[in-house]
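This report refers to the structure that appears directly beneath it.
Residue numbers (my numbering), protein chains in the order written: chain A, 1 to 416; chain B, 1 to 416.
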């Protein structure tokens with residue numbers, strides 16, 4: 001690595017001060033981008049910053065490493081030529097309905113266009129959303145073609161098995177007053193706890209109450225759209241949708257202890273079928289590994305489940321997570337519907353999810369849900385019965401039998 | 001959500017002070033756990049903390065949300081009963097060789113055992129590594145069985161297609177003096193830049209030079225081992241290995257613009273074959289989405305590539321990433337070999353990677369590499385030729401022809 005280009009030591013400001021000259025105001029939820037104002041998370045011109053934190057979620061740490069290593073100029077500004085969205089999303093009325101969207105920037109995909117004046121005036125404004133097109137090839141889709149469940153149509157699904165999608169990557173942009181309201185706590189408590197329980201991340205959370213927007217160093221989400229993205233906002237067009245939380249062990253590696261990848265690929269099959277019927281399909285993928293506990297905790301829980309007295313039974317499924325993590329789940333579906341409102345969704349005709357928490361969050365946010373589509377029995381790996389039965393007993397949607405206490409003791413997974 | 005259990009406002013400490021009573025010293029790289037001392041990243045007892053940051057990488061933010069929402073007691077301590085590793089890893093001589101491991105805690109999997117006395121004395125010590133066993137079922141492996149390339153043996157690979165693995169999840173634990181050395185900068189520059197270029201994350205990076213260990217809020221890595229984990233440390237046993245960086249678009253969704261999933265599943269096939277020959281297989285999966293630029297930047301680059309004058313040609317492949325991101329790549333393979341040293345690896349007989357950066361990092365860290373295994377031609381999606389040819393010209397290993405400048409102009413991908 002080259003010698004870093006960091007200049008000689010300068011004064012370090014530990015926490016910034018209110019009233020920087022040139023910082024543009026943010027009026028969250030305003031109806032037009034001019035009134036709303038841009039999100040400025042640049043590290044280049046401090047005085048221009050109007051948020052806590054910076055861009056790219058966790059990857060801001062790698063960006064810092066690149067600067068430290070001398071590989072990246074700290075003055076670099078993104079050349080956004082040709083990067084604008086391949087498809088227009090919105091604006092939709094939901095973007096300015098109070099409290100509908102609090103964890104992403106609805107204008108984040110079109111900053112080059114809607115904040116052209118501010119960019120020209122020297123503000124370093126970066127997209128927090130990117131929209132592109134892709135061809136996705138999944139072995140499960142190819143198998144569905146071979147078995148006759150799916151047919152190529154040359155548009156949604158090509159000969160050879162590639163599905164044509166529009167996809168968007170979305171960084172988290174949290175409007176703290178709105179996030180606090182979703183979680184039923186005060187904004188000052190949220191700020192204090194975010195600071196203290198991370199071991200002191202971003203003191204500006206507590207020193208800069210004038211900054212209401214936080215770019216947290218966490219993963220964001222990606223949406224995959226099958227069919228015309230504009231149809232997502234039309235409640236007359238059949239929408240098939242799944243909201244999926246990351247599970248690397250199953251989604252990528254096919255671990256048989258859960259149903260994550262089988263359910264995801266089944267949803268993609270449903271989305272393709274729906275789009276081929278003249279509808280539209282949507283998969284929203286959130287980076288919340290292992291119920292947002294992270295993979296280390298997840299694997300610790302696996303061991304505790306497999307080794308407990310009596311074996312890995314469904315009646316003890318949630319208890320083992322609670323022992324290790326203190327909670328059953330940290331995913332908090334409260335923020336999840338925001339992306340649906342960004343896309344203008346009013347009605348999901350077929351929700352490919354059995355989660356009562358996801359269903360409650362979606363319907364609670366004002367989106368109508370038609371039918372719920374459970375995972376086909378033959379896609380549930382044997383060892384994943386433990387999780388499935390435990391969840392059904394805890395409130396997961398099922399058109400079938402809800403296991404009782406005795407049945408839960410009988411559902412047992414493999415030992416180590 | 002319940003009312004948060006946050007007590008009435010208290011004094012907020014913006015940055016902690018040196019010399020907390022009861023914090024145990026860390027002597028990084030010491031030969032025994034007693035001399036090394038435990039990593040204490042708890043948020044419960046501040047005086048016990050001996051690191052900057054806290055556990056679970058990015059997911060510490062979700063943990064904080066759980067506390068703010070009143071779902072988790074801030075006093076919760078993990079019950080580690082039955083969570084210990086299913087397989088012993090080490091200790092190996094590499095654990096205490098100066099500078100060999102600087103970005104993970106080699107004792108992180110066995111804290112219950114090696115720091116039992118400290119745990120009993122009330123220190124909240126959490127594992128930063130978890131080791132478990134799993135069965136993984138990949139459609140590509142099932143296809144390889146059907147086509148006769150793989151055969152079930154009832155041990156490594158079961159009838160039905162499940163492969164039996166030992167897997168470990170590893171959180172990042174950075175010893176800052178060592179990380180700085182890897183990147184060729186001073187520790188104080190590293191600390192300052194990590195603080196400033198993240199928009200002010202963790203002022204303790206600059207105020208607490210006595211704390212040498214940082215738990216960064218980034219994703220970690222997961223290793224999948226095919227065969228006996230102890231064999232990884234025996235250079236006489238054939239080791240097939242791939243070090244893979246996350247690409248959600250391909251790894252999960254099968255996007256055809258790159259070779260990530262096809263190469264990964266090919267590596268798994270190679271690992272299974274190697275283990276069946278009496279060797280051992282290893283896949284190390286790092287959470288460094290889109291060259292650690294994040295997915296928003298990645299999609300912006302896709303659009304810029306597909307729309308540029310002349311189309312998406314291999315000769316412009318790296319240029320488009322640089323325009324947007326300022327660098328071609330932020331993955332920095334410098335820290336990647338640490339996990340190999342944790343596993344005791346001395347020789348990789350078959351490295352399933354064409355990356356010169358990965359090869360240089362591995363061999364530069366003292367690990368011998370036998371042959372390199374390139375991706376079979378028929379696994380490269382048509383649209384991914386652009387990336388593949390550009391990388392070959394830039395130094396990627398290939399037993400075939402290296403494209404010249406003229407050839408790079410001819411390799412062209414799809415338009416949007």
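Cβ coordinates follow ideal geometry from the N, Cα and C atoms, glycine included.
Note that the structure is predicted; figures quoted are calculated from it, not measured.
Review point. Of all Cβ atoms in chain B, is any one closer than 8 Å to the Cβ of residue 383 of chain A?
Key: If you number the first chain from 1, residue 383 of chain A lands on position 383. So yes, residue 383 of chain A belongs to the interface.
Check your understanding: Taking only beta-carbon atoms, is residue 39 of chain B less than 8 Å away from chain A?
Key -> Here residue 39 of chain B corresponds to residue number 39 of the second chain, with the count starting at 1. Not closer than 8 Å to any Cβ of chain A, the Cβ of residue 39 of chain B fails to qualify, so no.
Check your understanding: Whose Cβ in chain B lies nearer than 7 Å to the Cβ of residue 242 of chain A?
Key -> Against the first chain, residue 242 of chain A aligns to sequence position 242. Near residue 242 of chain A there are no residues of chain B at all, since even the closest Cβ is about 13 Å away, more than 7 Å.
Practice item. Report yes if the C-beta distance between residue 103 of chain A and residue 29 of chain A is below 8 Å; otherwise report no. Key: Indexing the first chain from 1 puts residue 103 of chain A at position 103. Indexing the first chain from 1 puts residue 29 of chain A at position 29. Cβ distance not < 8 Å, so residue 103 of chain A and residue 29 of chain A don't count as in contact.
Exercise for review: Closer than 7 Å by beta-carbon distance: list the chain B residues that pair up with residue 190 of chain A, in chain order.
Suggested key: Counting from one through the first chain, the residue named residue 190 of chain A turns up at place 190. Within 7 Å Cβ-Cβ: 68.
Exercise for review: For residue 153 of chain A, collect the residues of the same chain with a Cβ closer than 7 Å to its Cβ; drop the 5 residues on either side in sequence, then sort them by chain order.
Suggested key: Locating residue 153 of chain A in the first chain gives position 153, counting from the first residue. Within the same chain, residue 153 of chain A has close Cβ partners 276.
Point to revise | residue 35 of chain B versus residue 170 of chain B - alpha carbon distance | key: The sequence position of residue 35 of chain B within the second chain is 35, counting from 1. The sequence position of residue 170 of chain B within the second chain is 170, counting from 1. So the alpha carbons of these two residues sit roughly 22 Å apart.
Practice item. Spell out the partners DSSP gives residue 218 of chain A in its beta bridges. Key: The count along the first chain starts at 1 and reaches residue 218 of chain A at position 218. According to DSSP, which records beta bridges pairwise, residue 218 of chain A is partnered with nothing at all.
Check your understanding: Taking buried to mean at least 16 other C-beta atoms within 10 Å of its own C-beta, is residue 11 of chain B buried or exposed?
Key -> Taking the first residue of the second chain as position 1, residue 11 of chain B is located at position 11. It is exposed - the Cβ of residue 11 of chain B has fewer than 16 other Cβ atoms within 10 Å.
Practice item. Check the Cβ-Cβ distances between residue 127 of chain B and every residue of chain A, and say whether any is below 8 Å. Key: The residue labelled residue 127 of chain B in the question sits at position 127 within the second chain. At least one chain A Cβ lies under 8 Å of residue 127 of chain B.
Review point. Which runs of the beta strand (DSSP E) fall wholly inside the stretch 143 to 191 of chain B and span at least 3 residues, in chain order?
Key: 162 to 170
Practice item. Return the CA-CA distance between residue 6 of chain A and residue 185 of chain B, expressed in angstroms with no decimal places. Key: The residue you call residue 6 of chain A lines up with position 6 of the first chain. The residue you call residue 185 of chain B lines up with position 185 of the second chain. In this prediction, residue 6 of chain A has a pLDDT of 45, which is less than 50 and means its spatial position is unreliable; what the coordinates show is noted afterwards. If I take the Cα positions, the gap works out to 9 Å.
Check your understanding: If contact means a Cβ-Cβ distance below 7 Å, which residues of the stretch 299 to 310 of chain B contact chain A?
Key -> 299, 300, 302, 303, 304, 307 and 308
Review point. Using DSSP with H/G/I as helix, E/B as strand and the rest coil, what is residue 224 of chain A?
Key: Numbered from 1 along the first chain, position 224 holds the residue referred to as residue 224 of chain A. Residue 224 of chain A: strand per DSSP, three-state reduction.
Practice item. Can you have a look at residue 2 of chain B and say buried or exposed, based on whether 16 or more other CB atoms are within 10 angstroms of its CB? Key: Position 2 of the second chain, counting from 1, holds the residue named residue 2 of chain B. Per-residue confidence for residue 2 of chain B stands at a pLDDT of 41, beneath the threshold of 50, marking its modelled position as unreliable; no derived number is given.
Point to revise | Any 3 or more C-beta pairs closer than 8 Å across the stretch 307 to 323 of chain A and the stretch 373 to 382 of chain A | key: no
Point to revise | Given 8 Å, three or more beta-carbon pairs between the stretch 223 to 239 of chain B and the stretch 115 to 122 of chain A | key: no
Exercise for review: Could you tell me which residues DSSP pairs with residue 132 of chain A in its beta bridges?
Suggested key: Within the first chain, the letter at position 132 stands for residue 132 of chain A. Answer by DSSP bridge pairing, in chain order: A/167.
**Study point:** Test item: CB-CB of residue 22 of chain A and residue 55 of chain A under 8 Å
**Key:** Reading the first chain from its first residue, position 22 is the one you call residue 22 of chain A. Reading the first chain from its first residue, position 55 is the one you call residue 55 of chain A. Not a contact, by the Cβ cut-off of 8 Å.
Check your understanding: For residue 91 of chain A, which of A/342, A/151, A/39 and A/272 has the nearest alpha-carbon?
Key -> Translated into positions along the first chain, residue 91 of chain A becomes position 91. Closest by alpha carbon: A/342.
Check your understanding: Since residue 241 of chain B sits in a beta bridge, which residues does DSSP pair it with?
Key -> Locating residue 241 of chain B in the second chain gives position 241, where the first residue counts as 1. Partner(s): B/282 and B/351.
Check your understanding: Roughly how many whole angstroms lie between the Cα atoms of residue 168 of chain A and residue 405 of chain A?
Key -> Start at 1 with the first residue of the first chain, and residue 168 of chain A comes out as number 168. Start at 1 with the first residue of the first chain, and residue 405 of chain A comes out as number 405. Their backbone Cα atoms lie some 43 Å apart in a straight line.
Check your understanding: Along the chain, where does the alpha helix (DSSP H) that runs through residue 386 of chain B open and close?
Key -> For the purposes of this step, residue 386 of chain B is taken as residue 386 along the second chain, with counting starting at 1. Per DSSP, residue 386 of chain B belongs to the alpha helix (DSSP H) from 385 to 393.
Exercise for review: State buried or exposed for residue 221 of chain A, treating a residue as buried only when at least 16 other CB atoms are found within 10 Å of its CB.
Suggested key: Working through the first chain from its first residue, we reach residue 221 of chain A at position 221. Counting Cβ neighbours within 10 Å, residue 221 of chain A comes out buried, since at least 16 surround it.
Exercise for review: Check each residue of the stretch 136 to 157 of chain B: if its Cβ is closer than 9 Å to any Cβ of chain A, include it; give the result in chain order.
Suggested key: 136, 137, 138, 139, 140, 141, 142 and 143
Check your understanding: When the cut-off is 8 Å and only beta carbons count, does residue 196 of chain B lie next to chain A?
Key -> Here residue 196 of chain B corresponds to residue number 196 of the second chain, with the count starting at 1. True, the Cβ-Cβ gap to chain A drops below 8 Å.
**Study point:** Close-in-space but distant-in-sequence residues of the same chain around residue 60 of chain B (CB under 7 Å, 5 per side omitted)
**Key:** Along the second chain, one-based indexing puts residue 60 of chain B at 60. Cβ neighbours of residue 60 of chain B beyond the five flanking positions: 54 and 217.
Check your understanding: Can at least three beta-carbon pairs, one atom from the stretch 198 to 217 of chain B and one from the stretch 193 to 202 of chain A, be found at a separation below 8 Å?
Key -> yes
Check your understanding: Would you say residue 271 of chain B faces chain A, with C-beta separation under 8 Å as the test?
Key -> Here the question's residue 271 of chain B lines up with position 271 in the second chain. It does not; no Cβ of chain A falls within 8 Å.
Practice item. Assign residue 128 of chain A to buried or exposed, taking buried as 16 or more other Cβ atoms, counted over all protein chains shown, within 10 Å of its Cβ. Key: Looking up residue 128 of chain A in the first chain gives position 128. Residue 128 of chain A comes out buried.
Exercise for review: Would you list the residues sitting across from residue 53 of chain A in a DSSP beta bridge?
Suggested key: Along the first chain, one-based indexing puts residue 53 of chain A at 53. Answer is A/215, bridged to residue 53 of chain A.
Practice item. Starting from residue 133 of chain A, find everything on chain B with Cβ-Cβ shorter than 7 Å and list it in chain order. Key: Along the first chain, read from residue 1 onward, the residue named residue 133 of chain A stands at position 133. Chain B residues near residue 133 of chain A: 416.
Check your understanding: Is residue 140 of chain B near residue 403 of chain A, with beta carbons less than 8 Å apart?
Key -> Stepping through the second chain from its first residue, residue 140 of chain B is reached at position 140. Stepping through the first chain from its first residue, residue 403 of chain A is reached at position 403. Cβ distance not < 8 Å, so residue 140 of chain B and residue 403 of chain A don't count as in contact.
**Study point:** Backbone CA spacing between residue 69 of chain A and residue 387 of chain A [nearest angstrom]
**Key:** For the purposes of this step, residue 69 of chain A is identified with residue 69 of the first chain, where counting begins at 1. For the purposes of this step, residue 387 of chain A is identified with residue 387 of the first chain, where counting begins at 1. Each residue's alpha carbon lies about 45 Å from the other.
**Study point:** Buried or exposed (CB count within 10 angstroms, at least 16 for buried), residue 382 of chain A
**Key:** Locating residue 382 of chain A in the first chain gives position 382, counting from the first residue. With fewer than 16 other Cβ atoms within 10 Å, it is exposed.
**Study point:** Own chain partners of residue 232 of chain A with C-beta closer than 8 Å, once the 5 adjacent residues on each side are dropped
**Key:** The sequence position of residue 232 of chain A within the first chain is 232, counting from 1. 225, 239, 280, 282, 343, 344 and 345.
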